[in-house]
Amino acid sequence: MQGTSENYLTDEEAENFLLSSISTENIRQWSRTYSAGVHLAGDYTHASSIKALWQSYGIPTAISSHQTIIDDPGPETAVRLIDKNDSGKVLFEVSLVEDVLPSDSTSSIGLPAFHGLSCAGRVVAHLVYANFGRPEDFRFLDEHNISVKDCIVLCKYSANLRGLKVRAAQEAGAAGVILYNDPQEDGEYTVANGYLPYPEGPARHPSAIQRGSVSYFSVAAGQFPTDEFTPQIPSVPISYRDAAVLLRALKGDGLDCKNLPSGWQGALHDIEYYTGASSTLVELVNDARRKECKIHNVIGTIEGLSEECVIIGNHHDSWSVGAVDPVSGSAVMNEIARTLGALGQRGWKPRRKIILASWDNEEYGLVGSTTWATLNESYLKENCVAYLNVDEATNGGPTLLPVSSPLLTQALFDAAQSVPSPLENSMEVDQDWLFILDGLSDKGHDTVYSDWLQQTELDNPSSSTPRIDTIGTGSDFTIFQHHLGIPSTDVVFSGGKKNAVFQYHSKYDSYLWMEKFGDPGFRKHTAMAQLWGLMTLRIASQATLPFTAGPYAGSLKQGLSNLELLSDINRRELNQVIDRFSEEAARLDQEAEDSRRHPNVFDQNRYLMIDGINKRYMSIEKSFLNEEGLPQRRWYKHMAFGPGLWEGYGGVVFPAIADALLLHDDALIQEAVDATTKVIIKVAKLMGTKI
Ligand SMILES: [Zn+2]
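Shown next, in the form of structure tokens:
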């Protein structure tokens with residue numbers, strides 16, 4: 011039931027207060043403070059300081075602690091090039107620590123590079139270069155008679171999630187995996203193109219190494235690390251500088267990548283890429299040491315007039331000092347907490363409860379959020395209307411690039427239209443990576459929305475609305491969207507192609523990088539605080555939820571067209587039921603629109619009508635859940651959206667069908683199509699049934 015409004019401030023006054031109160035200086039201060047040290051999973055001191063801060067803002071806050079399993083790199087971890095003809099003489103040993111940069115004070119602290127929840131072990135074997143380590147890359151090698159059996163494979167990051175590379179290598183018979191970031195993924199700003207590396211210029215530092223979990227996020231989130239969810243062969247990440255030495259050792263062995271399909275040839279200067287297998291040997295030692303670790307989620311609660319709630323979340327653990335990941339999100343969240351606390355002191359009370367969640371142990375596998383949400387499952391399913399995640403407020407890009415449930419599309423658009431562009435004044439900064447986009451910079455800047463739309467049009471001239479991607483995984487929204495059926499989004503300033511290279515999960519994800527390249531002036535941080543804060547206020551305050559079902563139908567149609575291998579018969583079948591869904595969605599959106607016309611008229615009938623509309627919106631995501639889970643991965647339950655099984659971060663529409671198509675099994679495909687068709691009809695009916 012909706013409560014009555016007892017606020018001293020109108021919604022509009024509360025929004026204006028939020029927009030004008032967000033302080034760039036406060037955000038910058040939190041960025042500097044949090045990125046002065048490393049906050050690995052289980053950092054109680056860090057969690058306590060967040061709790062104390064939010065409490066000082068007047069938000070009742072508690073710590074929720076849980077036992078989990080993590081691992082640390084032991085001292086034996088190593089990657090060596092071995093001369094097999096000279097009784098195992100070590101020709102080269104890679105460095106598992108980045109260079110210490112005198113101008114970047116935090117580049118000397120923290121753990122050496124390793125893969126979280128990786129498999130311990132030692133392998134001495136020939137090396138094979140396997141492109142991005144996707145299943146299709148291993149199939150390609152196999153078709154060209156390059157065996158990876160019992161070999162160590164060297165793969166590039168990007169294209170898919172790191173654990174899935176190790177999983178694909180393992181399934182192809184490899185004995186170990188080495189991963190590195192090839193400058194191929196860095197666009198314009200590479201050393202080969204004449205740009206200086208960080209800290210002098212925007213290119214990736216040659217010694218940067220990407221840490222990160224190798225658990226299989228696309229199979230399940232937050233699980234105990236068993237063989238089902240984590241690799242059984244060792245893996246280690248290295249820098250591109252050291253990968254170049256290994257690639258040189260492959261020269262002349264196997265296929266010349268110049269003659270292979272695009273993608274295989276990387277962008278390292280002076281390297282001729284060959285597949286191998288190498289004639290020399292590589293020794294890979296992963297001295298991973300598993301241990302128990304108590305983690306600490308920080309949960310702040312602003313009571314509302316009803317039990318319904320909206321949750322905003324960001325994680326506070328990191329691999330390095332993490333000025334982007336997660337500190338850019340954490341700093342922004344603190345400023346939202348301060349502003350919401352100040353609103354409370356002015357007599358403002360939201361209609362729905364606002365829960366602020368600072369998750370621990372996101373990095374090893376979304377563990378903090380998954381554990382907490384699992385423990386609170388029945389409350390959340392009943393009462394949580396939306397989950398709004400910001401992991402990275404910005405990783406250097408100029409425009410928004412959200413992933414989202416389509417129910418939140420219009421709320422994202424509306425909030426972005428209310429927030430001034432953070433790019434407005436950056437033109438005075440005389441560095442070309444801040445000019446960002448040829449088109450964008452000429453048109454002048456208005457709002458976050460107009461930048462976002464311009465960026466989308468530059469990338470895809472036929473689009474008429476800003477780009478929102480299908481929600482996959484990779485951060486703490488995963489359990490909310492895919493396991494509990496709560497409409498979720500993850501928002502980041504990330505769009506654009508000409509950004510300084512974000513050195514993800516390396517020691518150079520630092521305050522210096524953020525100040526110099528990522529967000530000089532912290533304007534994008536400020537815009538994110540305004541955007542995230544506004545969405546929170548609106549979802550928490552508006553009687554009729556600011557949701558729209560229309561874009562849902564559009565996403566399903568678009569996703570269907572991407573399932574290339576689907577037969578025409580199945581496609582027609584699904585298109586028909588999506589049309590039915592679309593009609594009901596339009597009707598529901600119209601009723602919601604009508605209900606918003608007289609926001610200040612309160613009577614019993616109106617409450618009942620609005621309550622019914624909200625319940626129908628709330629039923630959409632939940633009704634897409636299949637309680638038995640997707641056939642190929644039971645933890646994931648959502649039949650409309652899921653992470654691509656072999657992609658990870660990237661989302662797919664109709665995951666049960668997409669999984670079956672990967673198996674090329676006609677019976678499974680038909681079962682998945684039937685189940686998906688049934689669920690779309692069910693949701694359409696529910697949308698059209700007045701409560
Ligand atoms: Zn993160």
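Count along the sequence shown from 1, then add 10; that gives the number in my numbering.
Glycine included, each C-beta is placed from N, C-alpha and C at the ideal position.
Since this is a predicted model, take the numbers as computed values, not measurements.
Distance from the Cα of Y139 is smallest, within the candidate group G378, A421 and G276, for G276.
Under the DSSP definition of a beta bridge, T499 partners with L398 and S414. Closest in alpha carbon position to I80, among S115, C129 and S66, is C129.
Taken in chain order, no unbroken stretch of beta strand (DSSP E) lies wholly in the stretch 537-593 with a span of 3 residues or more. The residue from K700, A185 and V320 with its alpha-carbon nearest to that of L618 is K700. For the pair R362 and I691, the Cα-to-Cα distance works out to about 30 Å. In the DSSP annotation of this structure, the continuous segment of the beta strand (DSSP E) that includes H136 starts and ends at G131 to Y139. By the C-beta criterion, the stretch 136-151 is judged not to be in contact with the stretch 98-110, since fewer than 3 inter-stretch pairs fall below 8 Å. Taking every residue with its beta carbon within less than 5 Å of a heavy atom belonging to ligand 1 gives, in chain order, D335, P336 and D401.
Per the C-alpha coordinates, the member of V429, G505 and V255 positioned closest to N26 is V429. When DSSP states are grouped into helix, strand and coil, T457 belongs to the strand group. Rounded to whole angstroms, the Cβ separation of F527 and A510 is 4 Å, and the two are in contact under 8 Å.
Under the Cβ criterion (8 Å, minimum of three pairs), the stretch 294-307 counts as touching the stretch 238-249. In summary, G262 is exposed, with fewer than 16 beta-carbon neighbours lying within 10 Å of its beta-carbon over all protein chains present. Every beta strand (DSSP E) of 3 residues or more that sits fully in the stretch 292-349 is shown, in chain order, as 298-312 and 319-325. Taking C-beta separations shorter than 6 Å and ignoring five residues to either side along the sequence, the partners of G314 in its chain run P360, R361, R362 and K363, following chain order. Under the three-state reduction of DSSP, C161 is assigned to coil, being neither helix nor strand. The C-alpha of S340 is placed about 21 Å away from the C-alpha of A231.
The alpha-carbon of D401 is positioned some 49 Å away from that of D96. Note: V100 is bridge-paired with I92 in the DSSP secondary-structure output.
DSSP links H648 through a beta bridge to L635. Distances from the alpha-carbon of I478 to those of D335, L418 and T381 put L418 closest.
For G173, the uninterrupted alpha helix (DSSP H) segment begins and ends at R172 to E181. For L566 and N580, the gap between their C-alpha atoms comes out near 14 Å.
Going by DSSP, D81 is part of the beta strand (DSSP E) stretching over T71 to P83. Straight-line spacing of the CA atoms in N203 and G183 works out to 37 Å.
Here A352 is near S31, since their CB atoms are less than 8 Å apart.
By the Cβ rule, the stretch 362-379 counts as touching the stretch 484-491, because three or more pairs are nearer than 8 Å. In the three-state reduction of the DSSP assignment, W462 falls in the helix class, which pools H, G and I. Note that the stretch 157-173 touches the stretch 190-200; at least 3 beta-carbon pairs, one per stretch, sit closer than 8 Å.
Note on L206: under 16 other CB atoms within 10 angstroms of its CB, so exposed under the neighbour-count rule. Excluding residues up to 5 positions away in sequence, F591, I630, S633 and F634 lie with their Cβ nearer than 7 Å to the Cβ of V693 in the same chain. Distance check between M649 and each of S577, I623, L494 and L544 places L494 closest, using alpha-carbon atoms only. The beta carbons of F234 and S225 sit no closer together than 8 Å. In the assembly as shown, A72 is an exposed residue. Its beta-carbon has fewer than 16 other beta-carbons within 10 Å.
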